[in-house]
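A.B. asks: Line order of the protein sequences matches chains F and G. Quick note on numbering: the first sequence equals residues 4 to 90 in this note's numbering. Quick note on numbering: the second sequence equals residues 600 to 960 in this note's numbering.
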Amino acid sequence: MEMDIDIKILGPGCKKCIQVAEIVRQVIEEHGLPAQIEEISSVDKIAEFGVLSTPAVVIGGDVKCTGRVPEPYEILQWLKKYQGTPE
Amino acid sequence: MQPDNPANMPNPVANPQPAPPLAASIKFKVLTGLAGLGLWFALYWQLQSLAGYLAFSLLGLTPGSRLGEAMLFFFYDTPKVLMLLTLIVYGVGVLRSFFTPERTRKILAGKRESVGNVLAALLGIVTPFCSCSAVPLFIGFVTAGVPLGVTFSFLISAPMVNEVALVLLYGLLGWKVAALYLGTGLVIAILAGWTIGRLGMEEHIEDWVREMHINASDIPDQRLTWAERFDHGKTAVRDIVGKVWIYVVLGIAVGAGIHGYVPEGIMASIMGKQWWAVPAAVLVGIPMYSNAAGIVPVVQALLGKGAALGTVLAFMMAVIALSLPETIILRKVLKPRLIAVFLGVVGVGIMLVGYLFNIII
Chain F
4 MEMDIDIKIL
14 GPGCKKCIQV
24 AEIVRQVIEE
34 HGLPAQIEEI
44 SSVDKIAEFG
54 VLSTPAVVIG
64 GDVKCTGRVP
74 EPYEILQWLK
84 KYQGTPE
Chain G
600 MQPDNPANMP
610 NPVANPQPAP
620 PLAASIKFKV
630 LTGLAGLGLW
640 FALYWQLQSL
650 AGYLAFSLLG
660 LTPGSRLGEA
670 MLFFFYDTPK
680 VLMLLTLIVY
690 GVGVLRSFFT
700 PERTRKILAG
710 KRESVGNVLA
720 ALLGIVTPFC
730 SCSAVPLFIG
740 FVTAGVPLGV
750 TFSFLISAPM
760 VNEVALVLLY
770 GLLGWKVAAL
780 YLGTGLVIAI
790 LAGWTIGRLG
800 MEEHIEDWVR
810 EMHINASDIP
820 DQRLTWAERF
830 DHGKTAVRDI
840 VGKVWIYVVL
850 GIAVGAGIHG
860 YVPEGIMASI
870 MGKQWWAVPA
880 AVLVGIPMYS
890 NAAGIVPVVQ
900 ALLGKGAALG
910 TVLAFMMAVI
920 ALSLPETIIL
930 RKVLKPRLIA
940 VFLGVVGVGI
950 MLVGYLFNII
960 I
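(1) Figure out for me which residue from G:804, G:846 and G:697 has the closest Cα to the Cα of residue 832 (chain G).
(2) From the beta carbon of residue 44 (chain F), is the nearest beta carbon of chain G less than 8 Å away?
(3) List, in chain order, every chain F residue whose beta-carbon is nearer than 9 Å to that of residue 758 (chain G).
(4) Alpha carbon to alpha carbon, what distance is there between residue 837 (chain G) and residue 632 (chain G)?
(5) Could you pull out every unbroken alpha helix (DSSP H) segment of at least 4 residues lying fully inside the stretch 860-889 of chain G, listed in chain order?
(6) May I have the straight-line CA-CA distance separating residue 73 (chain F) from residue 61 (chain F), to the nearest angstrom?
(7) Check the C-beta distance from residue 69 (chain F) over to residue 54 (chain F) and give it rounded, since I have them as a contact under 8 Å.
(8) Anyone know if the C-beta pair for residue 41 (chain F) and residue 11 (chain F) falls short of 8 Å?
(9) Using a beta-carbon distance below 8 Å, is residue 574 (chain G) in contact with chain F?
(10) Could you check what DSSP says for residue 843 (chain G) in three-state terms: helix, strand or coil?
(11) Report yes or no: is there a C-beta of chain F within less than 8 Å of the C-beta of residue 763 (chain G)?
(12) Please name the residue in G:933, G:954 and G:899 whose C-alpha comes closest to that of residue 769 (chain G).
(13) Taking the beta strand (DSSP E) that residue 755 (chain G) belongs to, which residues open and close that run?
(14) Between the C-alpha atoms of residue 34 (chain F) and residue 75 (chain F), what's the straight-line distance to the nearest angstrom?
(15) Can you pull the chain F residues whose beta carbon is under 7 Å from the beta carbon of residue 739 (chain G), in chain order?
(16) What is the residue span of the beta strand (DSSP E) that residue 65 (chain F) lies within?
(17) Just confirm the distance between the C-beta atoms of residue 953 (chain G) and residue 891 (chain G), as a whole number of angstroms; I'd bet it's less than 8 Å.
(18) With a cut-off of 8 Å on the beta carbons, I'd call residue 766 (chain G) and residue 723 (chain G) a contact; round off their distance for me.
(19) Which residues in chain B have a C-beta closer than 8 Å to the C-beta of residue 809 (chain G)? List them in chain order.
(20) Spell out whether any CB of chain G is found under 8 Å from the CB atom of residue 91 (chain F).
(21) Starting from residue 717 (chain G), trace the alpha helix (DSSP H) in both directions and tell me its first and last residue.
(22) Buried or exposed: residue 812 (chain G), going by 16 or more other Cβ atoms within 10 Å of its Cβ?
(23) What does the alpha-carbon distance come out to for the pair residue 649 (chain G) and residue 673 (chain G)?
(24) In chain order, what residues of the stretch 693-705 of chain G put their CB closer than 8 Å to some CB of chain F?
(25) Residues of chain F with CB closer than 9 Å to the CB of residue 734 (chain G), please, in chain order.
(26) Counting only beta-carbon atoms, is residue 931 (chain G) nearer than 8 Å to chain F?
(27) Please confirm whether residue 870 (chain G) and residue 906 (chain G) have their CB atoms less than 8 Å apart.
(28) Out of G:902, G:845, G:680 and G:883, which has the shortest C-alpha to C-alpha gap to residue 865 (chain G)?
(29) Please work out which residues of its chain come closer than 7 Å, Cβ to Cβ, to residue 13 (chain F), disregarding the five sequence neighbours upstream and downstream, and give them in chain order.
(30) Contact defined as beta carbons within less than 8 Å: I believe residue 895 (chain G) pairs with residue 916 (chain G). What is the distance between those atoms, to the nearest angstrom?
(31) Buried or exposed: where does residue 691 (chain G) fall if 16 or more other Cβ atoms within 10 Å of its Cβ makes it buried?
(32) Could you tell me which residues DSSP puts in a beta bridge with residue 41 (chain F)?
(33) Taking the C-alpha atoms as reference points, what is the distance between residue 668 (chain G) and residue 662 (chain G)?
(34) What separation, rounded to the nearest whole angstrom, lies between the Cα atoms of residue 86 (chain F) and residue 700 (chain G)?
(35) What's the C-alpha gap between residue 720 (chain G) and residue 861 (chain G)?
(36) Measuring only the C-alpha atoms, how far is residue 83 (chain F) from residue 734 (chain G)?
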């Protein structure tokens, strides 16, 4: 059985954070990846990840990028790497 | 189910350096960049005559008439400022790809206070910063051992001394006023941060922040290729110029109206050199929330109508640096007394700058 990938999107709710959540959803849908997305907007929780600038993307507990909106191909690469499938 | 079980991860230090599938070669990027720069300069030097042609030949307005002069001003200043903005924002975007907040924190964490205040104010200019992440940044800095005063120097300088304000000041008021703004902005950030540090207000940070333990070296340093840095510049132009162009156009339109229709000297009575003008400008400026793009063109027009430079600088700094939304955001991590001290110290600094320039100019 495949396990869901744990994705967290950190951001207090500004425009860019919403954009990131949209892009991540798109990538997951497009490639049919099993994933759980959690959007975290409370600043103390965000700070606990050691993140200094939002939006940030956390996959399987690893902070992947901060302070910018990642490209879809980057997100796909992070997800594939996490799953252990060769690109 | 254990979602963050890392067992099926082949490479825990995942730090991908992907080449975009359709990446143009770096050579191509540099060449198109140079061609664009050439085109930029060619167009920039023609703006004055283009504006004259638009206003007087195409629209048939009379040179020297009120409407004619207002339109000339609008047709010349709008493209000039937008072109300058595009070029500088691109450059700063590439530059900022070298200065992540994480790296800035690393630089500031080991520093003594006075040196730290100067460094923090300078890094505030080049480190990417958005007021919506002021809180995580504050927590990240303070818990990593950056002194409170040094953190404030950064938090004051980052919004106040920004490339959009500097470009607009340079484009509309000349390099001297831009340099004054840069210089005094840095001095305020350094001294206000230093003062807050001296006051020893660490216990006025909210308790839950002081109890937090965060692993500061969590995030791997992202290494970027030059192609990616150029992309950062492009993103910055899309984000920043895409957001502020409308304020620039509106601001210059209002400014052009003031230029053409408001009588000379009218501002001298309310934004002149009276003793109360500077504090009044700061008090009015704090709750006003505008970005530099909207405020500078109006300020330029006010100066033309007899407002004093010191008063106007103070007003502008209060609008840009002391914004109410950011203060409300910071309230989550600062107790009311520290918020009051922050507003007070920065406000006094801005007023001193205002008085100083009203006296010497």
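Here a beta-carbon is modelled for each residue, glycine too, at the ideal position from N, C-alpha and C.
C.D. replies: Taking the definition as stated:
(1) G:697
(2) no
(3) What residue 758 (chain G) touches in chain F: nothing, since even the nearest Cβ is about 14 Å away.
(4) 16 Å
(5) 876-884
(6) 12 Å
(7) 5 Å
(8) yes
(9) Within the shown structure, residues of chain G are numbered from 600 to 960, placing residue 574 (chain G) beyond reach of any answer.
(10) helix
(11) no
(12) G:899
(13) Per DSSP, residue 755 (chain G) belongs to no beta strand (DSSP E); it is in the alpha helix (DSSP H), 747-759.
(14) 11 Å
(15) 50, 53 and 55
(16) 65-69
(17) Contact doesn't hold; Cβ gap of about 17 Å is too wide.
(18) 17 Å between Cβ atoms; not a contact.
(19) In the structure shown, chain B cannot be found, because the protein chains are F and G.
(20) An answer regarding residue 91 (chain F) cannot be provided, because it is not within the stretch 4 to 90 covered by chain F.
(21) 712-725
(22) exposed
(23) 12 Å
(24) 699, 700, 701 and 704
(25) 15, 46, 47, 49 and 50
(26) yes
(27) yes
(28) G:902
(29) 43, 49, 52, 54, 57, 58, 59 and 61
(30) Rounded, the Cβ-Cβ distance is 12 Å, inconsistent with contact.
(31) buried
(32) F:11
(33) 7 Å
(34) 30 Å
(35) 38 Å
(36) 32 Å
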